[in-house]
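Peer 1: Before I ask anything, here is the structure I am working with.
Residue numbers (this note's numbering), protein chains in the order written: chain Z, 475 to 823; chain L, 774 to 1046.
This is the structure:
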């Protein structure tokens, strides 16, 4: 849904808006600063705790819709055992979502809700979540590259509300019916925004776009990876620098792999949980009999890149599996993050 | 919160030792639900407290009161190990059946060359049952079965029945000479030189350990079989069975939802074993 209305909000009214947003759901999740200074998305009780001067959080807010660890069901032993579904998640407003993470959420929507089977765990979070996006008025971080992924620095869709800083105020764009309902509830805080607001915002976007480094050139890597074979040495070189830690997958907002495991509680109840997994880990494809189709880090590096960038996967999942958030650049100890991998694929060396 | 990932409770109606390492479990839903399962489909079984793992179904049919799985025990397999310790009457969780199974429309009217290695026979067994119940719809039916040693032979009583039929050609080989074995010795491809098939009429169904595949593909090609006429049931580690967990993905294919049955033309470019 395209923006259907836009308003302006004076900066000093932002706490009031946050207060109202908090009243729209069971919880308000927003960026807050925690010791020793990192910014994380967390539940907030006081609007004053919310910070806006952050680049990008190391853990994406998608974790509030697809948690790192989640109960699937619990089993009470008995004759026969009783399987009970996990609790429905609370409703939430996710405030301050950067456009790259919003783009990631659209990919998760397509992946988890589309296809033959809809993932009802994700659907439960998604249907109870309102998304308030925050555009990047300056490049969020020297490491991000949304300009290469068509996923920023502002969002064209996928939000309920989108806030853009404009000259000491905010342009508030409405992107959905629930978003319009919030705007109606906040009518006393908002003023209709004239056309000049959109023009100023657009000019600012162009400036930010110009400031971003266009270093990843994913389209060229996609063409190369999908067409001619990438030399095996490329994967071997990436594999030799990859520590196999899975960090890239765990911070990637588009990565969806999970494993499940059973945890037995002291009272005998068994809880089936699902938790994030990574195709970079050695045991990811290892079968009970010991056979492992991808025992080498180079093979797993190729798998990771192929899934994110090769046409057949893009065709299946609708979009490339990278939104340019730059988190893998931050975490990869071996320095073989997406921009470099894309470059190595492109150059074939 | 999840209907997709919540198993139904089934009881172990029967537990039958097939070999020192394989048991066949008969699973019956405790609520009396009937299960329909096509040949080649798989289920996910939960031993609560140990976890969940995928297994081929060894039986097929519509509205069955129970189904069978044959499971090899692996010391490192948390679920297989726990399953083997269970007695009749124990409860486990079941999800599925999932996966495409064999395309019977595609097989009817053709000669079927079944090539199975070890426990690769398990997913082939329901296909054999299916073919034998509508035998007139198929041409020749051949089974080439290779096992490491005679003690690994599954479904012995059934094998005797199959071998006694005059409309089912069964050949069994063991990898190496063994005092208990008077039959053919050698890996399964050593049965190919004497094999007489009409490649234009034949579909090969090939299930076994990954190491077997390149040799059987080469042997089938030598017999003139087209890649489209070689059909595999693949095995991959899986956590969900429904295309979400990512574990079974090979390139852009998911073994769980696109397979586990593929023809060779579909998978020859996937470059993984």
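We treat Cβ as the ideally placed atom computed from N, Cα and C, and that holds for glycine. Just so you know, these numbers come straight off a predicted model, no measurement behind them.
#1: Using the three-state DSSP reduction, which class does residue 799 of chain L fall into: helix, strand or coil?
#2: Compute the distance between the beta-carbons of residue 1010 of chain L and residue 785 of chain Z, then report whether it is under 9 Å.
#3: Name the DSSP bridge partner or partners of residue 1003 of chain L?
#4: Using a Cβ-Cβ cut-off of 6 Å (strictly less than) and excluding sequence neighbours within five positions of residue 819 of chain Z, which residues of its own chain qualify?
#5: My parser needs the alpha helix (DSSP H) runs of 4 or more residues fully inside the region 504-591 of chain Z; what are they?
#6: Measure from the alpha carbon of residue 763 of chain Z to the alpha carbon of each residue in L:780, L:944 and L:795, then state which is nearest.
#7: Residue 787 of chain L: buried (16+ other C-beta within 10 angstroms of its C-beta) or exposed?
#8: Output yes if chain Z places a C-beta closer than 9 Å to the C-beta of residue 1006 of chain L; else output no.
#9: Between residue 884 of chain L and residue 914 of chain L, is the Cβ-Cβ spacing less than 9 Å?
#10: Do residue 1033 of chain L and residue 815 of chain L have their C-beta atoms within less than 9 Å of each other?
#11: Below 6 Å CB to CB, which residues in the same chain sit around residue 751 of chain Z once its five sequence neighbours on both sides are set aside?
#12: Give the range of the alpha helix (DSSP H) segment to which residue 889 of chain L is assigned.
#13: Under the rule that 16 or more other beta-carbon atoms within 10 Å means buried, what is residue 785 of chain L, buried or exposed?
#14: What are the partner residues of residue 843 of chain L, as DSSP defines its beta bridges?
#15: Just curious, the beta strand (DSSP E) that residue 750 of chain Z is in, first and last residue?
#16: Assuming residue 493 of chain Z and residue 521 of chain Z make a contact with CB atoms under 8 Å, what is their CB distance in whole Å?
#17: Roughly how many angstroms lie between the CA atoms of residue 726 of chain Z and residue 527 of chain Z, to the nearest whole one?
#18: Under the rule that 16 or more other beta-carbon atoms within 10 Å means buried, what is residue 742 of chain Z, buried or exposed?
#19: Would residue 824 of chain Z pass as a contact of residue 783 of chain Z if the rule is Cβ separation under 9 Å?
#20: Alpha carbon to alpha carbon, how far is residue 790 of chain L from residue 925 of chain L? Give it in angstroms, no decimals.
#21: How many angstroms separate the CA atom of residue 774 of chain L from the CA atom of residue 1016 of chain L?
#22: Using only alpha-carbon positions, find the residue among L:851, L:822, L:835 and L:975 that is nearest to residue 908 of chain Z.
#23: Is it buried or exposed, residue 669 of chain Z, if we count other Cβ atoms within 10 angstroms and call 16 or more buried?
#24: Report the rounded CA-to-CA distance for residue 868 of chain L versus residue 667 of chain Z, giving the unit in angstroms.
#25: Under 9 Å, Cβ to Cβ, is there at least one residue of chain Z near residue 774 of chain L?
#26: Where does residue 485 of chain Z land, buried or exposed, given buried means 16+ other C-beta within 10 angstroms?
#27: Whose CA, out of Z:570, Z:591 and Z:798, lies closest to the CA of residue 491 of chain Z?
#28: Let's see if you can read the secondary structure: which residues bound the beta strand (DSSP E) around residue 1034 of chain L?
#29: Report the partner residues of residue 734 of chain Z according to the DSSP bridge assignment.
Peer 2: So, from the listed chains and residues:
#1: For the purposes of this step, residue 799 of chain L is taken as the residue at position 26 of the second chain. In this structure, residue 799 of chain L counts as strand in the three-state DSSP scheme.
#2: Numbered from its first residue, the second chain carries residue 1010 of chain L at position 237. Numbered from its first residue, the first chain carries residue 785 of chain Z at position 311. Cβ atoms of residue 1010 of chain L and residue 785 of chain Z: not closer than 9 Å.
#3: The residue given as residue 1003 of chain L occupies position 230 in the second chain. Answer is L:977, bridged to residue 1003 of chain L.
#4: Sequence index remark: in the first chain, residue 819 of chain Z carries index 345 (1-based). Closer than 6 Å at Cβ, skipping near neighbours: 695, 698, 699 and 704.
#5: 573-582
#6: Position 289 of the first chain holds residue 763 of chain Z. Residue 763 of chain Z has its Cα closest to that of L:795, out of L:780, L:944 and L:795.
#7: What you label residue 787 of chain L is simply residue 14 of the second chain in a count that begins at 1. Its Cβ having fewer than 16 others within 10 Å, residue 787 of chain L is exposed.
#8: As a working note, residue 1006 of chain L is residue 233 in the second chain. Output row for residue 1006 of chain L: interface = no.
#9: The sequence position of residue 884 of chain L within the second chain is 111, counting from 1. The sequence position of residue 914 of chain L within the second chain is 141, counting from 1. Yes, the Cβ-Cβ distance between residue 884 of chain L and residue 914 of chain L is below 9 Å.
#10: Taking the second chain and counting its residues from 1, one reaches residue 1033 of chain L at position 260. Taking the second chain and counting its residues from 1, one reaches residue 815 of chain L at position 42. Yes. Within cutoff.
#11: Position 277 of the first chain holds residue 751 of chain Z. 731, 732 and 733.
#12: As a working note, residue 889 of chain L is residue 116 in the second chain. Taken as a continuous stretch (DSSP letters only), residue 889 of chain L belongs to no alpha helix (DSSP H), being part of the beta strand (DSSP E) at 884-890.
#13: Sequence index remark: in the second chain, residue 785 of chain L carries index 12 (1-based). Burial call: buried.
#14: Start at 1 with the first residue of the second chain, and residue 843 of chain L comes out as number 70. Paired residue(s): L:797.
#15: As a position in the first chain, residue 750 of chain Z is number 276, starting the count at 1. Element bounds for residue 750 of chain Z: 744-750.
#16: As a first step, residue 493 of chain Z must be located in the first chain, where it is residue number 19. As a first step, residue 521 of chain Z must be located in the first chain, where it is residue number 47. Indeed they touch by this definition, with Cβ atoms about 5 Å apart.
#17: Taking the first residue of the first chain as 1, we reach residue 726 of chain Z at position 252. Taking the first residue of the first chain as 1, we reach residue 527 of chain Z at position 53. If I take the Cα positions, the gap works out to 22 Å.
#18: On the first chain, residue 742 of chain Z is found 268 positions in, with the first residue counted as 1. Exposed.
#19: What the structure shows of chain Z is the stretch from 475 to 823, and residue 824 of chain Z is not part of that stretch, so it cannot be assessed.
#20: Reading the second chain from its first residue, position 152 is the one you call residue 925 of chain L. Reading the second chain from its first residue, position 17 is the one you call residue 790 of chain L. Each residue's alpha carbon lies about 11 Å from the other.
#21: Position 1 of the second chain holds residue 774 of chain L. Position 243 of the second chain holds residue 1016 of chain L. Residue placement at residue 774 of chain L is poorly supported in this model, since its pLDDT is 43, which falls under 50; the coordinates are not used for a value here.
#22: In the structure displayed, chain Z extends from 475 to 823; residue 908 of chain Z sits before or after that span and is not available.
#23: Residue 669 of chain Z sits at position 195 when you count from the first residue of the first chain. With a 10 Å radius around the Cβ and a threshold of 16 neighbouring Cβ atoms, residue 669 of chain Z comes out exposed.
#24: Position 95 of the second chain, counting from 1, holds the residue named residue 868 of chain L. Position 193 of the first chain, counting from 1, holds the residue named residue 667 of chain Z. Taking the straight line joining both Cα atoms gives about 53 Å.
#25: Taking the second chain and counting its residues from 1, one reaches residue 774 of chain L at position 1. Per-residue confidence for residue 774 of chain L stands at a pLDDT of 43, beneath the threshold of 50, marking its modelled position as unreliable; no derived number is given.
#26: Position 11 of the first chain, counted from the start, is the residue given in the question as residue 485 of chain Z. Exposed, since its Cβ has fewer than 16 Cβ neighbours within 10 Å.
#27: Along the first chain, read from residue 1 onward, the residue named residue 491 of chain Z stands at position 17. Closest by C-alpha distance to residue 491 of chain Z, out of Z:570, Z:591 and Z:798, is Z:570.
#28: Here residue 1034 of chain L refers to the residue found at position 261 of the second chain. First-last of the beta strand (DSSP E) with residue 1034 of chain L: 1034-1036.
#29: Numbered from its first residue, the first chain carries residue 734 of chain Z at position 260. According to DSSP, residue 734 of chain Z bridges with Z:748.
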